[in-house]
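293 is the number that this note's numbering gives to position 281 of the sequence shown; each next residue is one higher, with no gaps.
Positions of the beta carbon are idealized from the N, C-alpha and C atoms, including for glycine.
Model, not experiment: these values are computed from the prediction.
Before any comments, here is the structure.
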Amino acid sequence: MIFSASIAAAQDYPQRPIEMVVTFGPGGGADLMGRQMARLMESSLGVSLPVSNVAGASGNAGLTRLRTNPADGYTVGTLISLTVASWASGLGDSKPEDFRIISVVQNSPSFLFVAANSPYQTAEALFEHAQSNPGQLTVATSGYGTQDDVTLKLLAKGGVQMENVPFQAPGERYASPIGGHTAVLYEEPGDVAQFLEAGQLKPLVVFSQERHPAFPDVPTAAELGHDISGLDNFRTIAVHADTPAEIVGILEDAVSGAVASPEWQDFCASTYSCIEPVTGDAAQTMITDFFQLVADQLNS
Numbered sequence: 013m014i015f016s017a018s019i020a021a022a023q024d025y026p027q028r029p030i031e032m033v034v035t036f037g038p039g040g041g042a043d044l045m046g047r048q049m050a051r052l053m054e055s056s057l058g059v060s061l062p063v064s065n066v067a068g069a070s071g072n073a074g075l076t077r078l079r080t081n082p083a084d085g086y087t088v089g090t091l092i093s094l095t096v097a098s099w100a101s102g103l104g105d106s107k108p109e110d111f112r113i114i115s116v117v118q119n120s121p122s123f124l125f126v127a128a129n130s131p132y133q134t135a136e137a138l139f140e141h142a143q144s145n146p147g148q149l150t151v152a153t154s155g156y157g158t159q160d161d162v163t164l165k166l167l168a169k170g171g172v173q174m175e176n177v178p179f180q181a182p183g184e185r186y187a188s189p190i191g192g193h194t195a196v197l198y199e200e201p202g203d204v205a206q207f208l209e210a211g212q213l214k215p216l217v218v219f220s221q222e223r224h225p226a227f228p229d230v231p232t233a234a235e236l237g238h239d240i241s242g243l244d245n246f247r248t249i250a251v252h253a254d255t256p257a258e259i260v261g262i263l264e265d266a267v268s269g270a271v272a273s274p275e276w277q278d279f280c281a282s283t284y285s286c287i288e289p290v291t292g293d294a295a296q297t298m299i300t301d302f303f304q305l306v307a308d309q310l311n312s
């Protein structure tokens, strides 16, 4: 009976606009991804996907709407690694099993950036100063509990102690080292591409197992004695965990079509975040494994 009702609901889906909840403020990477995806999904779904920015608590405020709205496929949202990391750090009450991942559509390692005129022109110089002056250097981050925060805690364990300075507004965070409000920025390159192209920011170190192909001269943290990797910034489209499988399938098809489009390929290339989309059980496992990775690193 429930199964039949679920199939009937899917056959009529969608009949009205689908809200796209972006879990961070306007102008950031999650916002750009959510808006691009919403626009590209509209043609295959045949309805509009108006975007609502519900920022706060490292993305958890927006996910509360996703969890509390009906599980009928009319509320979808961005669920990104920053927020998953915050759960492992004890922020919010969400768990990976509270959501159904439609698709992981972007992924990129994060870097430490400084202003082009910074006195720290190499990661070695930056780390040496931080070691000699614990807590003096400030780092602009997306919030407490995120992998920004986790990475800084892991660096501190290795003797490189810097101060976390969270910014609610993405644009203010990106510009903070340029304006001298912080010494360093923790971010992925796609979100600050305009500042890199303008020569205003300089990447010093990447947190990945290998050097980034677009920035071959930037060393990995492991090369400098800090083996911090696996904390990549991935972004997904998700729904409530109880959303009927038939509706999930319709949304998966819409996202797959969007990702295959030339518009999306241009977008992800410009943000250094193109990946082969991850869907189904593999996507759920990716979220769960990341949650456990962060928890294990914090407890090590």
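- Excluding five sequence positions before and after F246, the CB atoms of its chain that fall closer than 6 Å to its own CB belong to S93, V116, N119, given in chain order.
- By the Cβ criterion, the region 250-257 is not in contact with the region 209-224, since fewer than three pairs of Cβ atoms, one from each stretch, lie closer than 8 Å.
- Note: M32 is bridge-paired with V63, V88 in the DSSP secondary-structure output.
- Buried is the label assigned to T95, since at least 16 other Cβ atoms lie within 10 Å of its Cβ.
- Annotation for V267: no beta strand (DSSP E) segment contains it, though the alpha helix (DSSP H) segment containing it runs 257-272.
- Among the bridge pairs identified by DSSP, S120 is matched with N245.
- In the three-state scheme derived from DSSP, where H, G and I count as helix and E and B as strand, T95 is classed as helix.
- Put simply, of V306, P289, V251 the residue whose alpha carbon is nearest the alpha carbon of I113 is V251.
- Nearest neighbour of H193 by Cα position, chosen from A272, Q148, G58, S285, turns out to be Q148.
- If you ignore the 5 residues before and after A67, its C-beta comes within less than 6 Å of the C-beta of F36, G37, all in its own chain and listed in chain order.
- Counting C-beta pairs with one atom in each stretch, the region 45-55 and the region 263-273 have three or more that are closer than 8 Å, which means they touch.
- Note on the region 173-204: whole beta strand (DSSP E) runs with a minimum of 3 residues are 175-178, 196-199, in chain order.
- Within the same chain, A135, E136, F139, V217 come within 8 Å of L236 by CB-CB distance, once the 5 residues on both sides are set aside.
- A straight-line Cα-Cα distance of about 9 Å links S55 and A266.
- Taking a cut-off of 8 Å on C-beta distances, the region 70-80 touches the region 149-166, as three or more cross pairs fall below it.
- Under DSSP, I113 shares a beta bridge with A250.
- Pairing P178 with Q23, the inter-Cα distance amounts to about 45 Å.
- The criterion of a C-beta distance shorter than 8 Å is not satisfied by F123 and E184.
- Taking L57 as reference, the option from E264, P201, D301 with the minimal CA-CA separation is E264.
- Counting every other CB atom within 10 Å of its CB across the protein chains shown gives D203 a total of 16 or more, marking it as buried.
- Counting the other CB atoms within 10 Å of its CB gives T248 a total of 16 or more, which places it among the buried residues.
- If you draw a 10 Å sphere on the C-beta of T297, you find fewer than 16 other C-beta atoms in it, and that means exposed.
- Residue pairing from DSSP places A127 in a beta bridge opposite L213.
- V126 is the residue among V126, T87, V230 whose C-alpha sits nearest the C-alpha of L197.
- Per the C-alpha coordinates, the member of L75, G104, A83 positioned closest to L91 is L75.
- Its Cα nearest to that of S98, the residue L243 stands out among V59, Y284, L243, Y86.
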